[in-house]
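To start, the structure under review is shown below, and the notes come after it.
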Amino acid sequence: MPTYCEVALAVPLRRTFTYAVPASLEGRAEVGSRVVVPFRRRAMIGVIVEVRDNAAEPRRVSDAASGLDEKSKSKAQHRGRGGGTEVTEKTIREITEVLDGVPALPPALVELGKWVAGYYLAPVGEVFRSMLPPAVEVRHEREVRLTDAGRDYEREIQSLQNRTALQVEEMALLQLLEVEGKAVNAARLAKLPGGEAAAERLARRRAVEFARVARRRKARTQKIVAWAAEDPKAKDDAEAQRTQRGAEEAAEGTSVGVSEAEQRIREELTALRGPMPLAVLLKAAHVSRSVVDRLERQGRLLSWEEPLAVEEEPFETDFTPPSNVLNAQQRSAFDEVRAWMQRGEFATGLLYGVTGSGKTEVYLCTVEQALAAGRTALVLVPEIALTLWIGRLCRARFGDVVAVLHSALPDVERAREWWRVRRGEARVVVGTRSAVFAPLERPAVVIVDEEQESAYKQEETPRYHGRDVAIVRARIEGAVALLGSATPSLETFHNAQSGKYKLLELGARVENRPMARVEIVDMRDDFQRTHKAAPLSEKLRSAIAARLDAGTQALALINRRGYSWFALCRACGATAQCENCSISLTYHKQRHRMACHYCGFTTRVPKVCAKCESEHIYFVGEGAEQIEELLRKLYPQARVGRLDRDAVRTKREYQQLLGAFAAGQIDILAGTQMVAKGHDFQRVTLVGVVSADMTLGLPDFRAAERTFQLLTQVAGRAGRGELRGEVLVQTYYPEHYAVQHAAQQDYLSFFEKELRFRRLMHYPPFAALANVIVRDRKMENAARWARMLDGFLRPREAQGLKVLGPAAAPLARLKREYRFQFLLKSPKRSAMNAALAGALDFCAQREIPESSVMVDVDPLSLM
Ligand code: ADP
Ligand code: ZN
Ligand code: ZN
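If you're matching positions, the sequence shown starts at 1 in our numbering and goes up one per residue.
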């Protein structure tokens, strides 16, 4: 009986596809294996999520909750024009190739992927695509092949007396295909007289066909050498040979005797390092190839070919990690976690510790504990930058069992790290959001540092929250999920209070260093006194000057990129708008462009108003670029640096800038929220928040929470070393509770107040929330589909669902698409999930394109 499997393919459909396993691949096609399959007219890589021995209906991930009758369900299914759409044996196609000897995804990850697809209503193939390593072993090629019509056409032109120039060209291609007798790589077309154009013409006549195929890339290999195991007798023989050869060598006039060279080789391969690539050995032992060849002929060296590893990231040698002994509060937190780990059951802990309380040290001990127990550990950090910092600490402590994974690594490098983890060579993974899917086996702990960070939320399909997936992963693996924060998200702290998570507290900074003193600077006062709206108040200016005198450092937080927020026409009030989005363009002075921060569109800086042609254009609002410029002007003797995504684009630039700041080569560092994150600079004694108001004004129920978190985080950067720190927060709303509580660094009071607001307004954590956006380039389509969807959702209000909208989304147009928004709330998550699944099926049934309906479960941004 043939075996069938369900393959998840990276297409935007919430279903898997059925393929047959040919006898030749029987036994190799397992759940979790990556396979190459024919899909439509191409070859695609997918992953097997289920194997069975009949070709029953493929299941949609959300069927349980879809609420559709059988008839419409199968209708919806047939709209997917895919490989295995028709589930009769006749049309089921076969898997072409199995890519992995060992399935790429271990069973726990397959289970996790299914959970993600179900919970977030995400296309299952796209979920699995984010879990897999970059497919570096497969290359996609375009091929041309001859059709039957093509053979006829060839005969036809051949029989002509006079051929046109075009026909002559076509002939050349047709004959090549005939001679080859098989499909030909499209790259070869360029060399033919007619080039691609002739092939395109023939394709239109259906004389040839183009196809995309996946080809296995031949692994590049390198020679690895090892010292052959020796027995005492062989040794004696070798000794004899050696003396003899030494004499030969001397006779040849070589100054270095073989015995010496041999000694070094042996030392490298046995005592110092073990087997290594030939090229490395030649360098390390300072020997010539001929010596190695000879030893190999004598059987004293073994060699074999191994896939070529990409150049390893050199380990940093000049870094000595702080060797801290846990203090009492760290110890008691760690002891608790260790007890949960020893029980081997799933638990979620919240390590709630003020900034500078030494959470990192507790993480490291937990990782150590996991390794000691023969298990593995996963450490998630919110930003690529922090993988460098924490990765370095981990490497210093645990050596090369540590792998670093993040999306900015080049594909080959990421694939290499990924497989190191999969093979069990790396047992600790430090990474960003997507590393939650790292193929570690049996992790004992999954750590989520700065769990409140919105960077854990993926804002494209699949729209998952890395922290929440981490918790589910821990549950599946029987591991401890350890969340850490000084300012936990409302949801997390609520769970800790209700007992769903266990609360661990670090109440004080290490060595009882005091928290920085925070002072609010009321910008209205400053204005009244000076009658100028200067971005830096007198108070902040003199505080910075004092730091420069004392030789300590200052950070300035300005949470806006660019030079000015927007360009405003004083004559007609118009602002320069993005062509693709309903948003004003930001002025970037260094690039001398106006740029959209949502879609990347840029245009030249206007000299006159596009609407009324007035020349009275004003640039409004100060961004990071402008603050940097201002600081340079105010303190010409100071060394000023800027940290934001425009100034720092690569990992190297980032390391350089932070390195320079840490080494005291920069006095004032200005930047966006990137300066607020996690860093541990010892000589920062002043943090100036240029404006606390930027995040407060956003139309978002989390605005207060975000502001509070950002202010507390950035305040935590001051006074971490032995020097006392001070924080100045400039604002036009000094009485706002988020600003007030942040100034007092009083998380609990903020939490209580914010929680009351959430309860009153039925927002998370008191309701499940989903954002549904219907979008299209044509406004009529988007509006019509939104109305249709409203017709489906509205009746669900009777089942405990609250439907707000449809209304124009706050970003009514984005990347050329018009957007209508629904906000769904429900006290019951299951009701919400069912309604959403139903809505998506409804859309499929009514031919509303799946890509036009964006569902965001537990959204962080409502824009
Ligand atoms: P958090 O992440 O809680 O803000 P960190 O983990 O960055 O704090 O620790 C703050 C500083 O305290 C670091 O410089 C760290 O090396 C130091 N530190 C941590 N634990 C100890 C300890 N037990 N004794 C002394 N210093 C410590
Ligand atoms: Zn104008
Ligand atoms: Zn735009």
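In this text, a Cβ means the ideal position worked out from N, Cα and C, and glycines have one as well.
query, result
"Around the Cβ of PRO514, are there at least 16 other Cβ atoms within 10 angstroms (buried) or fewer (exposed)?", "exposed"
"Just how far apart, CA to CA, sit LYS73 and LEU793?", "Note that LYS73 scores 40 on pLDDT, short of 50, meaning its location in the model is unreliable; the coordinates nonetheless yield the value given after this. Whole-angstrom Cα-Cα distance: 18 Å."
"Whose CA, out of GLY466, ALA172, ARG529, ARG273, lies closest to the CA of GLU383?", "GLY466"
"For LEU829, collect the residues of the same chain with a Cβ closer than 6 Å to its Cβ; drop the 5 residues on either side in sequence, then sort them by chain order.", "Looking at the sequence shown, residue 829 is not Leu but Arg. Closer than 6 Å at the Cβ level, and outside the excluded window around ARG829, lie ALA768."
"What does the shell around ligand 3 hold, if a residue joins when its beta-carbon is under 5 Å from any heavy atom?", "CYS578, ASN580, CYS581, CYS596, TYR598, CYS599, PHE601"
"Decide yes or no for the touch test of the segment 94-113 against the segment 29-41: beta carbon pairs closer than 8 Å, at least 3 of them.", "yes"
"Would you list the one or two residues that DSSP bridges to ASN771?", "LEU823, ASP856"
"Is ASN559 close to ligand 1? I mean its beta-carbon at under 7 Å from any heavy atom of the ligand.", "no"
"Any heavy atom of ligand 1 within a distance shorter than 7 Å of the CB on GLN330?", "yes"
"Just verifying my parser: in three-state terms, what is the DSSP assignment at LYS223?", "strand"
"Specify the secondary structure class of ASP449 as computed by DSSP and reduced to three states.", "strand"
"List the whole-angstrom C-beta distance separating ALA426 from ALA403, where the pair is believed to meet the contact cut-off of C-beta under 8 Å.", "4 Å"
"At a cut-off of 7 Å, would you count GLU361 as near ligand 1, judging by its Cβ distance to the nearest heavy atom?", "yes"
"Given GLU797, which residues of its chain have a CB within under 7 Å of its CB, disregarding the five upstream and five downstream residues?", "VAL803"
"Taking 7 Å as the cut-off, is the C-beta of GLY353 nearer than that to any heavy atom in ligand 1?", "yes"
"Inspect the CB distances between the segment 822-836 and the segment 758-767 and report whether three or more fall short of 8 Å.", "yes"
"CB VAL690 to CB VAL714, shorter than 8 Å?", "no"
"Measuring from the CB of LYS611, is there a heavy atom of ligand 2 at a distance below 7 Å?", "yes"
"For CYS5, count neighbouring Cβ atoms within 10 angstroms of its own Cβ and tell me buried if that reaches 16, exposed if not.", "buried"
"In the DSSP output, which residue or residues are listed as bridge partners for GLN730?", "VAL521"
"Could you please give the first and the last residue of the uninterrupted alpha helix (DSSP H) stretch that includes TYR587?", "Taken as a continuous stretch (DSSP letters only), TYR587 belongs to no alpha helix (DSSP H), being part of the beta strand (DSSP E) at 586-588."
"Can SER614 be considered in contact with ligand 4, in the sense that its beta carbon sits closer than 7 Å to one or more heavy atoms?", "As for ligand 4, it is missing from this structure, which binds only ligand 1, ligand 2 and ligand 3."
"Could you check if VAL325 is buried or exposed, using at least 16 other CB atoms within 10 Å of its CB as the buried criterion?", "exposed"
"Where does CYS365 sit, in a helix, a strand or coil, going by DSSP?", "helix"
"By how many angstroms is the C-alpha of TYR119 removed from the C-alpha of ALA647?", "38 Å"
"Entirely within the segment 163-189 and at least 4 residues each: give me those alpha helix (DSSP H) ranges in chain order.", "165-180"
"Is it the case that the CB of ALA571 approaches a heavy atom of ligand 2 more closely than 7 Å?", "yes"
"Just grab the DSSP bridge partners of PHE210 for me.", "VAL144"
"Hey, could you find the ends of the alpha helix (DSSP H) LEU793 is sitting in?", "779-793"
"Would you tell me roughly how many angstroms separate the C-alpha atoms of GLU267 and GLY399, rounded to the nearest one?", "22 Å"
"Can you tell me which of VAL213, ALA186, GLY573, ALA718 puts its alpha carbon nearest to the alpha carbon of ALA203?", "ALA186"
"Is any non-hydrogen atom of ligand 2 found closer than 7 Å to the C-beta of ALA574, if you look at the structure I gave you?", "yes"
"Can you tell me where the alpha helix (DSSP H) holding ARG813 begins and where it ends?", "Per DSSP, ARG813 belongs to no alpha helix (DSSP H); it is in the beta strand (DSSP E), 802-814."
"Who are TRP304's beta bridge partners in DSSP?", "ILE224"
"Just verifying my parser: in three-state terms, what is the DSSP assignment at PRO22?", "coil"
"For ALA198, collect the residues of the same chain with a Cβ closer than 6 Å to its Cβ; drop the 5 residues on either side in sequence, then sort them by chain order.", "GLU169, GLU170, LEU173"
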